[in-house]
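> Numbered by our numbering, the letters in the sequence shown go through residues 73 to 177 in order.
Every residue gets a Cβ at the ideal spot worked out from N, C-alpha and C, and that includes glycine.
Okay, handing you the structure first.
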Amino acid sequence: MVAEGAGRVEVTYRPGDPLGSPLWVRVGDEVVVTLYGSPGYGWTPVESVGGPLAVVETESSEGMVRAVVRATGPGEGELRATSAFRGDRFGPQTRLWRLLVRVDP
């Protein structure tokens, strides 16, 4: 649920897309992140690395992961997930997806 007056921003990433520019939101806004995998690769759940961001909902299916993240206060934080080859733990290297999020009051 998004608080009254708050917004909702959709962020989608597909294999081969460039990483996104920093995102600006306001306190109370929600960021909906959808990461699509490629054959043989699956994403770890999206996590918040420092800052005023809280992951409030996650789901995954067949290489795709989706997360709803809420901005809980002003500041700067980062969202991250990694994609690893599922067929062989010694297979191709993992890939890192990250998004810098700046939260205004």
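#1: What ranges does the beta strand (DSSP E) occupy inside the segment 119–159, keeping only unbroken runs of at least 3 residues that lie completely in it?
#2: Run through DSSP, which three-state label would residue 86 get?
#3: Tell me whether the beta-carbon of residue 151 lies closer than 8 Å to the beta-carbon of residue 92.
#4: Quick one: using the 10 Å Cβ neighbour count with 16 as the cut-off for buried, is residue 96 buried or exposed?
#5: Assign residue 101 to one of two classes, buried (16 or more other C-beta atoms within 10 Å of its C-beta) or exposed (fewer than that).
By the coordinates alone:
#1: 119–121, 125–133, 136–143, 147–157
#2: coil
#3: no
#4: exposed
#5: buried
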